[in-house]
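Below is one structure; the comments refer to it alone.
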Amino acid sequence: MARPGRGVFAGVGVALAAVLVAVAVLSGAAGAAGRAFLYGTGLWVDGGSATVPAELFSTTPTPTPTPTPVEASPVLPPYSPGKQIDPDRLAERIAAVSRTDVGTLGALVLDGESGKVLYRKGQNRAMTPASTMKLLTSAAVLDALGPGHRFVTAVQSPKPGTIVLVGGGDPYLRGVADEDHPERASLADLAEQTAATLKEQGVTKVRLRHDARLFAGTGWNPTWPDRYGDEVAATSALWVNGARTNNVNPGPRDADPAQAAARKFAAALEKEGIEVAGEIQAGTAGKDSEPIAEVESEPLDVIVESVLRHSDNDAAEVLFRHVGAVDGSGSIKASAAAVKQRLSDLDVWVDGTSVVDGSGMSRDNAVPARLIAKVVALGLSEDHPDLRSLLTGLPVAASTGSLQGRFFAPGTELGRGAVRAKTGTLTKVHALGGYTRTESGRVVVFAFLVNGGEDYPARVYLDRVASAVTACGC
1 MARPGRGVFA
11 GVGVALAAVL
21 VAVAVLSGAA
31 GAAGRAFLYG
41 TGLWVDGGSA
51 TVPAELFSTT
61 PTPTPTPTPV
71 EASPVLPPYS
81 PGKQIDPDRL
91 AERIAAVSRT
101 DVGTLGALVL
111 DGESGKVLYR
121 KGQNRAMTPA
131 STMKLLTSAA
141 VLDALGPGHR
151 FVTAVQSPKP
161 GTIVLVGGGD
171 PYLRGVADED
181 HPERASLADL
191 AEQTAATLKE
201 QGVTKVRLRH
211 DARLFAGTGW
221 NPTWPDRYGD
231 EVAATSALWV
241 NGARTNNVNP
251 GPRDADPAQA
261 AARKFAAALE
271 KEGIEVAGEI
281 QAGTAGKDSE
291 PIAEVESEPL
301 DVIVESVLRH
311 SDNDAAEVLF
321 RHVGAVDGSG
331 SIKASAAAVK
341 QRLSDLDVWV
351 DGTSVVDGSG
361 MSRDNAVPAR
371 LIAKVVALGL
381 SEDHPDLRSL
391 LTGLPVAAST
401 GSLQGRFFAP
411 GTELGRGAVR
421 AKTGTLTKVH
431 ALGGYTRTES
441 GRVVVFAFLV
451 NGGEDYPARV
461 YLDRVASAVT
471 ACGC
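Next up, the structure:
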């Protein structure tokens with residue numbers, strides 16, 4: 001399948017300018033004005049760097065200048081019901097946050113213990129959610145497979161002298177072992193196991209095929225603009241390093257992720273003394289073939305945490321397809337239907353919601369703030385301990401993940417280290433969905449989505465309004 005052409009960072013001069021300006025604004029007192037300038041030029045993204053940092057895929061990460069992280073409070077604060085919040089006083093605090101140039105708002109704030117509505121405004125309005133869509137995908141896949149599920153990449157031999165590399169949809173399959181993420185599976189480990197088994201059988205020369213049929217249909221969502229080719233790859237059940245050709249993001253992607261993974265696997269086999277003969281092609285192992293080697297991914301809950309913390313578009317799309325593959329084909333259409341069914345079974349689905357992809361890259365997604373808040377509340381519920389990574393994976397304001405470079409504007413002080421929320425960012429689309437513990441000691445869940453308006457005011461508004469909720473001693 002052809003990959004859409006690069007577009008996001010096609011201009012090297014523009015990228016270099018973005019880096020130089022970002023370093024400058026992050027270094028001192030010009031921070032707030034500098035961030036506003038970068039938003040205006042369209043060069044600023046979450047944390048002042050790529051949404052998914054290079055260190056997720058490279059064992060030699062390049063440090064990026066960032067503000068000093070704020071120490072986070074516990075992921076789940078020690079239980080204390082705290083003082084009941086007065087909805088009227090909370091509404092006053094929220095109303096006091098300027099919405100100039102922010103755009104249309106959809107918002108819902110819930111009491112974390114009782115589920116009582118504390119604040120609402122357009123909470124049922126279907127809006128473009130951007131990456132808060134990953135909360136829906138994460139809840140659905142955890143419900144479908146369970147937090148301890150591991151994805152298996154296997155090698156099977158349908159006949160003597162032929163082996164098939166079978167993709168199991170591991171979103172973080174690596175080329176070589178990663179010391180920073182020791183539980184992540186690698187092709188190098190799989191090749192070592194495969195070579196050992198083949199040599200025991202007296203085989204030192206094979207033909208190699210690859211099988212990525214777990215997910216049916218196109219890998220590229222037709223609602224994504226071609227210019228997103230640097231931000232997300234064509235989804236595949238078999239890829240290595242997220243289909244990133246240079247282990248960088250944004251950056252070029254493998255045109256055929258499964259074929260590229262098979263070639264890397266062939267190279268790893270050659271290093272282990274197994275010759276790969278002929279052309280590498282797609283193929284099938286057959287139902288009766290037995291694995292001769294396999295490697296397992298990290299547990300699903302760990303994968304979900306990484307997807308949410310770093311807003312990983314590629315991994316989110318793989319998880320989205322897994323939801324559709326449990327009872328269906330794993331196609332985009334089947335996955336969208338399966339997500340709806342899972343969320344309906346969890347009793348959180350809101351009519352008017354439209355699911356188009358798993359990452360939120362598509363502007364055709366339509367999600368009310370009410371659904372975002374209800375999904376976050378699932379992670380707090382004692383009835384759903386299997387969904388706890390919906391909370392533990394959330395970025396921390398001014399400290400981790402896609403919130404590391406945020407909550408530094410005036411009026412956000414009390415949110416730092418306290419607010420935990422999934423970000424959502426597209427041009428003129430911004431969102432935060434998560435939870436916080438208020439000054440009165442109450443844990444509350446919130447979802448704020450804004451569509452339209454100006455980008456910088458919208459982002460600052462979300463940071464300030466989440467901080468205003470945190471500051472409520474109401």
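Mapped onto full-length UniProt numbering, the consecutive letters of the sequence shown carry residue numbers 1 to 474.
Beta carbons are placed, not taken as given, at the ideal position from N, Cα and C, and that holds for glycine.
What you are looking at is a predicted structure, and each value in this text was computed from that prediction instead of being measured.
Check whether Glu294 and Leu190 have beta carbons under 9 angstroms apart: Yes, they are a contact pair.
Same chain, Cβ closer than 6 angstroms to Ala237, neighbours up to 5 away in sequence not counted: Excluding positions up to five away in sequence, the list reads Gly167, Gly169, Ala212, Leu214 and Phe215.
Same chain, Cβ closer than 8 angstroms to residue 543, neighbours up to 5 away in sequence not counted: One cannot answer for residue 543 here, as it falls past the ends of the chain, which runs 1 to 474.
Per-residue DSSP class, three states only, for His430: If DSSP states are grouped into helix, strand and coil, His430 belongs with the strands.
Identity of the residues DSSP links to Glu183 by a beta bridge: For Glu183, which the question treats as bridged, DSSP gives no partner whatsoever.
Contact check, Val376 vs Ala468, beta carbons under 9 angstroms: No, they are not a contact pair.
CA nearest to the CA of Val302, picked from Pro291, Val155 and Pro147: Here the closest residue by C-alpha is Pro147.
Secondary structure, alpha helix (DSSP H): runs of 4+ residues fully inside the region 120-151: Segments of the alpha helix (DSSP H) lying fully in the region 120-151: 133-145.
Selected residue, minimal CA-CA separation from Leu165, among Leu387, Val444, Trp239 and Ala369: Of the candidates Leu387, Val444, Trp239 and Ala369, the one whose C-alpha sits nearest the C-alpha of Leu165 is Trp239.
Chain B within 9 angstroms of Val164, Cβ atoms only: Absent from the structure is chain B; it holds one protein chain and no more.
Proximity winner among Arg244, Val248, Ser157 and Glu382, relative to Ala258 (alpha-carbon distances): Ranking the options by Cα distance to Ala258, first place goes to Arg244.
Own chain partners of Val460 with C-beta closer than 7 angstroms, once the 5 adjacent residues on each side are dropped: For Val460, where only same-chain residues beyond five positions count, the Cβ hits under 7 angstroms are Ala409.
Euclidean distance between Cα positions of Ala466 and Asp386: Computed Cα separation, rounded: 27 angstroms.
Inter-residue Cα distance where the pair is Val25 and Leu414: Here Val25 scores only 36 on pLDDT, less than 50, and its place in the model is too uncertain to base an answer on.
Range covered by the beta strand (DSSP E) that runs through Asn247: Neither: Asn247 is in no beta strand (DSSP E) and is coded neither H nor E.
Phe446 - partner residues in DSSP beta bridges: Phe446 has Val109 and Gly434 as its beta-bridge partners, per DSSP.
8 angstroms CB neighbourhood of Arg150 in its chain, flanking five on each side removed: Cβ within range, chain order: Glu296, Ser297, Glu298, Pro299 and Leu300.
Boundaries of the alpha helix (DSSP H) in which Arg99 is found, first to last residue: Per DSSP, Arg99 belongs to no alpha helix (DSSP H) and is neither H nor E.
Element boundaries [beta strand (DSSP E), containing Lys205]: Going by DSSP, Lys205 is part of the beta strand (DSSP E) stretching over Lys205 to Asp211.
Residue(s) in a DSSP beta bridge with Glu294: Partner(s): Ala154.
Assigned exposure category for Asn451 - 16 Cβ within 10 Å defines buried: With 16 or more neighbouring CB atoms inside 10 Å of its own CB, Asn451 falls in the buried class.
The region 278-293 / the region 112-130 touching (three or more Cβ pairs under 8 angstroms): No, because fewer than three Cβ pairs between the region 278-293 and the region 112-130 fall closer than 8 angstroms, the two stretches do not touch.
Short Cβ contact (9 angstroms threshold) for Val348 with Val367: Result no, Cβ atoms of Val348 and Val367 do not sit closer than 9 angstroms.
Alpha carbon of Pro225 to alpha carbon of Thr427, nearest angstrom: Rounded to whole angstroms, the separation of the alpha carbons of Thr427 and Pro225 is 13 angstroms.
Nearest-angstrom beta carbon gap, Thr436 and Ala418 [assumed within contact, 8 angstroms]: Indeed they touch by this definition, with Cβ atoms about 5 angstroms apart.
Contact check, Asp357 vs Phe320, beta carbons under 9 angstroms: At a Cβ-Cβ threshold of 9 angstroms, Asp357 and Phe320 count as neighbours.
Burial state of Ser98 (16 or more Cβ within 10 Å): Classification of Ser98: exposed, given that the 10 Å Cβ count is below 16.
DSSP-derived helix/strand/coil call for Ile280: Coil, per DSSP.
Those residues which DSSP pairs with Ile163 across a bridge: In the DSSP assignment, Ile163 forms a beta bridge with Leu208.
Glu270 (DSSP reduced to helix, strand or coil): For Glu270, the secondary structure class from DSSP, reduced to helix, strand or coil, is helix.
Through-space distance from Gln341 to Ala29, alpha-carbon basis: With a pLDDT of 36 at Ala29, under the threshold of 50, the modelled position of that residue is not reliable, and no figure is offered here.
From Val248, Ala255 and Asn247, residue whose alpha carbon lies closest to that of Thr235: Selection Val248, Ala255 and Asn247 evaluated against Thr235 yields Ala255 as nearest (Cα-Cα).
Euclidean distance between Cα positions of Asp455 and Thr100: Here the alpha carbons of Thr100 and Asp455 stand approximately 11 angstroms from one another.
Complete alpha helix (DSSP H) runs within the region 296-325 (minimum length 4 residues, chain order): Taking only runs of at least 4 residues, the alpha helix (DSSP H) segments lying wholly in the region 296-325 are 300-310.
Rounded C-alpha distance that separates Thr162 from Gly283: One C-alpha to the other measures close to 10 angstroms.
Endpoints, the alpha helix (DSSP H) within which Ala337 is located: Looking at the DSSP string, the run of the alpha helix (DSSP H) that includes Ala337 is Ile332 to Asp345.
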